[in-house]
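Peer 1: Residue numbers (the numbering used here), protein chains in the order written: chain Z, 1 to 112; chain F, 113 to 225.
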Amino acid sequence: DQQVKQNSPSLSVQEGRISILNCDYTNSMFDYFLWYKKYPAEGPTFLISISSIKDKNEDGRFTVFLNKSAKHLSLHIVPSQPGDSAVYFCAASAYNTDKLIFGTGTRLQVFP
Amino acid sequence: ETGVTQTPRHLVMGMTNKKSLKCEQHLGHNAMYWYKQSAKKPLELMFVYSLEERVENNSVPSRFSPECPNSSHLFLHLHTLQPEDSALYLCASSHARGSYEQYFGPGTRLTVT
């Protein structure tokens, strides 16, 4: 059973608009959430994270929102740029474990 | 070189072969990880090493054998693999065990014929 779900395998957004990537989780013990970005032929790179004590974390064009009651988090990219085209993975971890549990990823394409 | 490097980038092997994947991190981290990514599946954690000691073995078949001779190097020794083991194998490192921000290498694309 997948504990971290990214139900949209792909998303296409026009340059300059907002990209919203979604992630749902089932394990209420998760207390830390991360987003990774992956370009072809490269490993995932860390993008932004959020602790369960917060509901929002912002870093430049990237903002992650956490809704604990809904067990849902989202990544907002605004404005979207063509260089943002990549696969985005959501990941979660529970306190005092070494494991990151990943979603299956969402492929974002930003077109001019 | 900087970051996390992996060699080879691509590997094709028969089911009776023995091969090894190599990972090296240049970040001064103390924890290293092996992940497997199969098509259309999430990344799955295989092994965790902290200060060269294996601290996690995520129910991985014995045909995969990790080795961590020092905190900068991590190997995955492969023998008698099955075609379903074909996948992208990713190495990662982090500052310490339990550090969630892991830095990944580019991966080795393994095909078992």
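The beta-carbon is built from N, C-alpha and C at its ideal position, and this holds for glycine as well.
Among Z:S28, Z:D98, Z:S19 and Z:K5, whose alpha-carbon lies nearest the alpha-carbon of Z:S52?
Peer 2: Measuring C-alpha to C-alpha distances from Z:S52 to each of Z:S28, Z:D98, Z:S19 and Z:K5 identifies Z:S28 as the nearest.
Peer 1: For the segment 129–163 of chain F, list the beta strand (DSSP E) runs that are entirely contained and at least 3 residues long, ordered along the chain.
Peer 2: 130–137, 143–149 and 156–162
Peer 1: With 16 as the cutoff for other CB atoms within 10 Å, does F:T220 come out buried or exposed?
Peer 2: buried
Peer 1: Would you verify that the beta carbon of Z:Q81 is, or is not, closer than 8 Å to some beta carbon of chain F?
Peer 2: no
Peer 1: For F:Q214, which residues in chain Z fall below 8 Å Cβ to Cβ?
Peer 2: F46 and L100
Peer 1: Taking Cβ-Cβ distances below 7 Å as the criterion, which residues of the segment 160–175 of chain F are in contact with chain Z?
Peer 2: V160, V167 and E168
Peer 1: Suppose you measure from the CA of F:G140 to the CA of F:T117; what does that come to, to the nearest Å?
Peer 2: 13 Å
Peer 1: At which residues does the beta strand (DSSP E) containing F:H122 begin and terminate?
Peer 2: H122 to M125 is the extent of the beta strand (DSSP E) around F:H122.
Peer 1: Buried or exposed for F:L188, going by 16 or more other Cβ atoms inside 10 Å?
Peer 2: buried
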